[in-house]
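In the numbering used here, the protein residues as written are 176 to 362.
Ideal placement from N, C-alpha and C gives every residue a C-beta, glycine not left out.
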């Protein structure tokens with residue numbers, strides 16, 4: 176008997192199994208209209224260009240830290256500042272707000288570029304007092320991520336994971352020497 180492309184989806188299933196695959200073979204073969212594109216997984220799809228070609232340039236990084244348009248996402252004890260409202264969003268801060276942290280040597284990571292503007296995350300856990308209230312409400316990443324606009328949870332996951340990694344790996348596991356972040360915090 177002749178098989179149609181819609182029959183191919185059933186070939187790889189056990190005899191008698193009636194579970195349909197997530198994407199039908201017929202849709203993949205353009206025999207039928209494709210299903211709607213699913214929402215991205217919460218912690219993926221960051222809109223930032225990670226700028227791997229630029230992050231190796233120490234002079235460029237230093238210049239970005241001085242620009243008034245550069246944005247910083249301060250994490251306090253790995254919690255992120257969020258502006259609450261109908262659509263919660265990350266509360267990026269200008270350089271002036273985080274300058275004392277930069278000068279104190281807080282961990283910094285270049286997250287990437289958006290519209291040519293550098294975006295960094297900085298560890299604000301060293302603050303003696305709680306961060307200023309006007310920085311936003313500091314919320315655990317996992318509890319706020321599903322409520323953020325697409326892409327912002329990906330930025331948040333990147334920021335949290337890199338700052339946490341640097342906090343946990345301050346010394347080389349082989350020789351014990353103190354590690355030094357390079358390439359904008361990626362090494």
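Based on Cα-Cα distance, which residue from 252, 239, 247, 344 lies nearest to residue 301? Here residue 301 refers to the residue found at position 126 when the chain shown is read from its first residue. Closest by alpha carbon: 252.
My assumption, with CB atoms under 8 Å, is that residue 216 sits in contact with residue 245. Please give the rounded CB distance. On the chain shown, position 41 is the one that residue 216 refers to. On the chain shown, position 70 is the one that residue 245 refers to. Incorrect: roughly 29 Å between the Cβ atoms, too far for contact.
Taking three-plus beta-carbon pairs below 8 Å as touching, is the stretch 216-234 in contact with the stretch 262-281? Output reads no: the stretch 262-281 does not touch the stretch 216-234.
Exposed or buried, what is residue 327 when buried is set at 16 or more other beta-carbons lying within 10 Å of its beta-carbon? Locating residue 327 in the chain shown gives position 152, where the first residue counts as 1. With a threshold of 16 other beta carbon atoms within 10 Å, residue 327 meets it and is buried.
Quick check on this structure: which residue in 237, 352, 218, 249 has the alpha carbon closest to the alpha carbon of residue 363? Residue 363 lies beyond the residue range present for the chain, which begins at 176 and ends at 362; the question has no answer from this structure.
Could you tell me the distance, in whole angstroms, from the CA atom of residue 318 to the CA atom of residue 254? In the chain shown, residue 318 corresponds to position 143, counting from 1. In the chain shown, residue 254 corresponds to position 79, counting from 1. A straight line joining the alpha-carbon of residue 318 with that of residue 254 spans about 10 Å.
Counting only runs that start and end within the stretch 217-261, where is the beta strand (DSSP E) found for 3 or more residues in a row? DSSP runs (the beta strand (DSSP E)) wholly in the stretch 217-261: 246-250, 254-258.
Buried or exposed by the 16-neighbour rule on C-beta atoms within 10 Å, applied to residue 351: As a working note, residue 351 is residue 176 in the chain shown. Answer is exposed; the Cβ neighbour count stays below 16.
Could you tell me the distance, in whole angstroms, from the CA atom of residue 345 to the CA atom of residue 338? For the purposes of this step, residue 345 is taken as the residue at position 170 of the chain shown. For the purposes of this step, residue 338 is taken as the residue at position 163 of the chain shown. Looking at the two C-alpha atoms, the distance is approximately 11 Å.
Using C-beta distances below 7 Å, list every residue in its chain close to residue 320, excluding the 5 sequence neighbours before and after it, in chain order. Working through the chain shown from its first residue, we reach residue 320 at position 145. Within the same chain, residue 320 has close Cβ partners 217, 218, 328, 331.
Do residue 241 and residue 359 have their C-beta atoms within less than 8 Å of each other? Your numbering for residue 241 matches position 66 in the chain shown. Your numbering for residue 359 matches position 184 in the chain shown. No, the pair does not count as a contact, with Cβ atoms beyond the cut-off.
Where residue 342 falls, given that 16 or more other Cβ within 10 Å makes a residue buried: Walking along the chain shown from the start, residue 342 turns up at place 167. It is exposed - the Cβ of residue 342 has fewer than 16 other Cβ atoms within 10 Å.
Could you compute how far the alpha carbon of residue 232 sits from the alpha carbon of residue 239? On the chain shown, residue 232 is found 57 positions in, with the first residue counted as 1. On the chain shown, residue 239 is found 64 positions in, with the first residue counted as 1. The straight-line gap from Cα to Cα measures roughly 11 Å.
Residues bridged to residue 289 by DSSP? The residue labelled residue 289 in the question sits at position 114 within the chain shown. Residue pairing by DSSP puts residue 289 in a beta bridge opposite 292.
Do you know how far the Cα of residue 261 is from the Cα of residue 335? Residue mapping note: residue 335 aligns to position 160 of the chain shown, counting from 1. Residue mapping note: residue 261 aligns to position 86 of the chain shown, counting from 1. When the Cα atoms are used, residue 335 and residue 261 turn out to be separated by approximately 24 Å.
Sorted by chain position, which residues of the same chain lie with C-beta nearer than 7 Å to residue 311's C-beta, five sequence neighbours on each side aside? Sequence index remark: in the chain shown, residue 311 carries index 136 (1-based). Closer than 7 Å at Cβ, skipping near neighbours: 256, 257, 258, 266.
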